[in-house]
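Residue 661 is where the sequence shown starts when you use my numbering, and the numbers rise one by one after that. Glycine included, every Cβ here is placed at the ideal spot set by N, Cα and C. All values reported here derive from a predicted model rather than from experimental measurement.
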Amino acid sequence: MRRWTAGMFDSVPNAVVSLALLWLVARAALGLWDWGVTRASLEAPNAEACARAGGACWAFLRDRWRLILFGPYPYAEQWRPALALLAFVALVAATAAPATWRAPRRARALALAWLLVAPLMGALMWGGVAGLAFVPARLWGGLPLTVMLAGVGVALAFGLAVLLALGRVSDMPVIRTLCLLYVEFFRGVPLVALLFLAAILFPYLVPAEWTMDTLLRAQLAFALFFAAYMAEAIRGGLQGIPRGQYLAADSLGMGYWQARRRIILPQALRTVIPSLVNIFIAAFKDTSLVVVISMLDLLGAANASTAQAQWWGLYIEPYLFIAVIYLAFCSAMSAYSRGLERRLGVGVR
């Protein structure tokens, strides 16, 4: 307890400020309790009935939560994106576990799991096999779309970012210039413009037989965009590696890729974990921009959930609901980052 209150009451000014802040927090908490619990409506036919009660309209969430979580995906088939989402999150959690990295057998088993489960998730989402009804990607939405866009986009972007960062510090001028042009272009163009380019202009820029689903085009735009930001973060880590590490790798007779894989990149990535996690969190939240190309992510589905006449005028409840979801995912990424930094001793020589 003393650790939490350290510096709060050690002087008269600090005590006055602390008491004033505690009073404000208490008032806010009591107000939220009154709005969200005491006067809340758990069962109401419409928004007007909730307004008469004067509190939160949780009846709206009871009626529309599935639309918010799964978007326009067919109601009777929503167990499929739910199962695919659980499998995806479980595999990501297993991949992020440090215990997996130290055991080659576990790493191989995890790679095999990805190879087996990834097609299964695609089959669940699209259907058309094993008696499952076909669901086009334009009907995907909600939380599964947000998580998969962010997760797959970040994974693709990370691999490309490592190559771009190595190219940015390369001794070959042509490679260095090409990587510089890529990074500067994608960092200088808004993500919204790239999404428009991928969704609207892409079909006009390629031959007619080159067809690609809008979802895949949006996924590609995400990966290309965030790869540029990750590349600059990784380049900073590479430039922070002492020259002696490169010379030591050369003295051991290591080739270029062997030295980068075993000596240089592990040290560089270790130092830029906070920057990379910031980009991961930004990518997760920026999935809301796909609404401009008529895709309903979590935020878009929340906006669509109030379109029904009986629930017009309700905004706090759906936004509060998705805010809790965003907070949970982003807090989990931040907590994992802090744990990984402590484990690897980031910032400690």
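Check: T806 and L949 closer than 8 Å at C-beta; Outcome: no
Check: Exposed unless 16 or more other CB atoms sit within 10 angstroms - verdict on V685; Outcome: exposed
Check: Length of the line joining the Cα atoms of A660 and G696; Outcome: In the structure displayed, the chain extends from 661 to 1009; residue 660 sits before or after that span and is not available.
Check: Rounded Cβ spacing between A858 and L880 (contact assumed at less than 8 Å); Outcome: 6 Å
Check: Distance, M808 Cα to L745 Cα; Outcome: 8 Å
Check: Integer Cβ distance of L824 from A891, believed to fall under 8 Å; Outcome: 4 Å
Check: Helix, strand or coil at G904 [DSSP, three-state]; Outcome: helix
Check: Cα-Cα separation, L855 to A943; Outcome: 14 Å
Check: Selected residue, minimal CA-CA separation from L925, among R895, R765, L799; Outcome: R895
Check: Residue of E703, E708, Y733 minimising C-alpha distance to A719; Outcome: E703
Check: Pair within 8 Å by beta-carbon distance, P705 and L799; Outcome: no
Check: R712 to P758 span [Cα, whole Å]; Outcome: 53 Å
Check: Neighbourhood of A883 by C-beta distance below 6 Å, restricted to the same chain and skipping five residues each side; Outcome: G813, L816, A817
Check: Validate contact between the region 780–792 and the region 911–919 using beta carbons, cut 8 Å, 3 pairs; Outcome: no
Check: Entirely enclosed alpha helix (DSSP H) segments - the region 716–790, minimum 4 residues; Outcome: 718–730, 739–756, 758–762, 764–786
Check: Buried or exposed (CB count within 10 angstroms, at least 16 for buried), G802; Outcome: buried
Check: Residue from T837, I976, T966, G999 whose Cα sits closest to the Cα of I933; Outcome: G999
Check: Member of R920, Q899, G897 whose CA lies at the smallest distance from the CA of A908; Outcome: R920
Check: Helix, strand or coil at G691 [DSSP, three-state]; Outcome: helix
Check: Coil, strand or helix - L974 by DSSP; Outcome: coil
Check: Beta-carbon proximity check, L826 vs A887, cutoff 8 Å; Outcome: no
Check: Separation of C990 from F940, as counted between CA atoms; Outcome: 9 Å
Check: Where D957 falls: helix, strand or coil (DSSP); Outcome: strand
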